[in-house]
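Please read the structure below before turning to the comments.
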Amino acid sequence: MTHLRPLDSGFMELEDGDRHISLGIGAIAILAGTPPMRAEFADALVDRLASHIRLRQKVRRAPLDLTAPVWEDDPEFDVAHHIRWTALPDPGDEAALCELVSTELAERLDRDHPLWQCTVVERLADDRWALIIKAHHSLVDGVSGISLFESLCDRPKVVAEATPSTAVEKDSAASWFELFMKGVRLPVELPRQVLGLAGSLIPVALAAVTPAAESSLNGPIGTMRRYVVARTTLTDAHEIGAAYGTTVNDVVLAAVAAAYRALLLGRGERPTGDTLRILVPVSTRGIEAKYIPDNRVSAMLPFLPLDISDPVARLTEIHTRLSHHKSKGETQAETTLLTLADRLPFAPIAWGVRLAAHLPQRGVGAVATNIPGPRRELTMHGRRVLELLPAVPTAMRLRTAIAILSYGDQLSFGITGDYDTTPDLAVLAEGIESEFQTLLEHARQHASDRGPVGSSAH
């Protein structure tokens with residue numbers, strides 16, 4: 001048995017504290033041709049699961065949550081519990097697929113079984129089919145979730161990196177001697193670590209609890225969801241970034257900012273500089289932990305400059321703000337805080353998270369997580385994976401959530417919204433695609449004005 005890490009168990013506590021949310025993370029693969037026979041699909045999945053112990057384990061909680069939950073083998077594990085088959089009605093278009101994805105996101109995973117599920121979707125238009133894989137956020141984060149999907153695909157002929165069977169997870173359940181030594185050192189180490197954290201963590205904590213300007217982006221949510229998709233390419237993102245000396249993540253957030261600005265203007269609201277503080281997860285996962293199913297993320301909480309109308313000025317300001325957040329060591333502080341939480345009694349942490357779930361959080365208005373995906377083309381049962389789309393849940397009064405995933409040269413935005421409060425969710429997708437085109441035009445004009453190297457053009 002292995003104890004859940006603090007962040008992993010925190011997602012479970014958060015879900016327990018709010019009946020309106022389901023914390024499943026999804027990946028949607030669109031594949032060429034038709035799906036395999038049901039028995040063939042199930043047999044292949046069983047074969048892949050041989051290297052994924054966690055996918056055959058369920059969560060067991062301690063009485064009164066006095067100790068952290070543990071992963072334990074499910075003695076009645078049956079892969080059939082985790083496979084669904086469905087088909088889209090004619091014409092089997094993207095709108096129908098997105099409606100199905102939104103339904104999947106709203107449904108909670110069964111705690112009596114391992115916390116994941118596959119849905120095979122037949123009759124997708126243009127001779128395609130889809131596979132929706134959903135796992136609980138306590139089991140995976142964005143990076144480990146995509147690595148999990150990749151490991152379920154056909155294996156490449158030459159494997160140049162660690163595979164799931166070679167990845168080793170360190171059991172967090174320490175020996176009695178280690179626990180004793182931790183207890184002896186805690187009175188000395190705890191004050192020193194707390195003081196070291198305070199300088200960099202206090203700004204993050206203040207940002208999380210300080211209310212942002214009131215807007216329709218933050219507020220109570222229901223149980224139903226909407227889901228839409230936006231698309232661009234990594235090539236375009238790199239070209240824009242190179243023109244203005246920014247990162248791909250800066251460009252992505254600039255497009256997200258433009259989309260939220262358009263959304264608020266369309267609702268008759270005035271975007272300001274303090275309207276939208278956004279949660280930007282930052283992966284802390286090393287390559288050696290690529291296939292270990294857990295959460296290894298920290299976060300930044302910057303304001304997006306929704307008050308800036310000029311696309312290039314908005315991109316430049318985002319680059320400046322993110323650089324500032326990184327220089328303050330906020331992400332490192334949060335990572336250290338999670339390590340510190342692993343040394344503290346579990347019960348008060350669990351109760352605290354549940355209490356927080358009931359409090360009206362007003363400091364953060366959205367989440368945007370950028371996930372690096374596979375660069376090589378994937379196949380499953382010999383069928384090409386044409387596209388990979390991400391899907392993330394909403395919670396804590398965040399009425400929208402955006403996941404960005406790369407696959408080859410594709411850059412896809414999976415946008416989740418609360419059903420009742422975001423009937424205009426498609427405006428975000430349209431805004432993101434439009435902003436990429438606008439920034440690309442500006443970048444090419446900028447490069448043209450500079451002229452070739454050595455030219456005197458201004």
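For what it's worth, the UniProt record's numbering labels the leading residue of the sequence shown as 1, then goes sequentially.
Positions of the beta carbon are idealized from the N, C-alpha and C atoms, including for glycine.
- The Cβ atoms of alanine 130 and leucine 97 sit closer than 8 Å to each other.
- Rounded to the nearest angstrom, the Cβ distance from valine 392 to threonine 416 is 6 Å, consistent with a contact under 8 Å.
- By the neighbour-count criterion, in which 16 or more other beta carbons inside 10 Å mark a residue as buried, glycine 24 falls on the buried side.
- With at least 16 other beta carbons inside 10 angstroms of its own, alanine 243 counts as buried.
- Nearest to glycine 266 by C-alpha distance, out of Ala403, Gly431 and Ala254, is Gly431.
- In the DSSP assignment, proline 6 falls within the alpha helix (DSSP H) that extends over 6-16.
- Contact between leucine 425 and valine 228 is confirmed by a C-beta separation of about 5 Å, below the 8 Å threshold.
- For valine 248, the enclosing alpha helix (DSSP H) begins and ends at 248-266.
- The Cβ neighbour count for proline 156, taken over all protein chains shown within 10 Å, is under 16; the residue is labelled exposed.
- Residue state for aspartate 424 is assigned as coil, using DSSP reduced to three classes.
- For glutamate 430, the secondary structure class from DSSP, reduced to helix, strand or coil, is helix.
- Non-local beta-carbon contacts of threonine 379 in its own chain, meaning distances under 8 Å to residues more than five positions away in sequence, involve Cys153, Asp154 and Val385 in chain order.
- For the pair of segments examined, the region 311-318 was found to touch the region 252-272: the number of CB pairs separated by less than 8 Å reaches three.
- With a contact defined as Cβ atoms closer than 8 Å, glutamine 57 and aspartate 78 miss out at about 14 Å.
- The closest CA to that of proline 75, considering only Pro114, Val251, Glu15 and Ile83, is found on Pro114.
- In this structure, proline 211 places its C-beta atom within 8 Å of the C-beta atom of arginine 362.
- DSSP, read as helix, strand or coil, puts isoleucine 402 in strand.
- The DSSP assignment places 38-49 as complete runs of the alpha helix (DSSP H) inside the region 24-68, in order along the chain (cut-off: 4 residues).
- A check of alpha carbon separations from threonine 34 across Ile83, Glu122 and Asp8 identifies Glu122 as the nearest.
- Per the coordinates, the alpha-carbon of isoleucine 30 lies some 7 Å from the alpha-carbon of arginine 128.
- Check the Cα spacing between arginine 397 and each of Arg5, Ala313, Leu276 and Ala429: the tightest is with Leu276.
- Taken through DSSP and simplified to helix, strand or coil, glutamate 214 comes out as coil.
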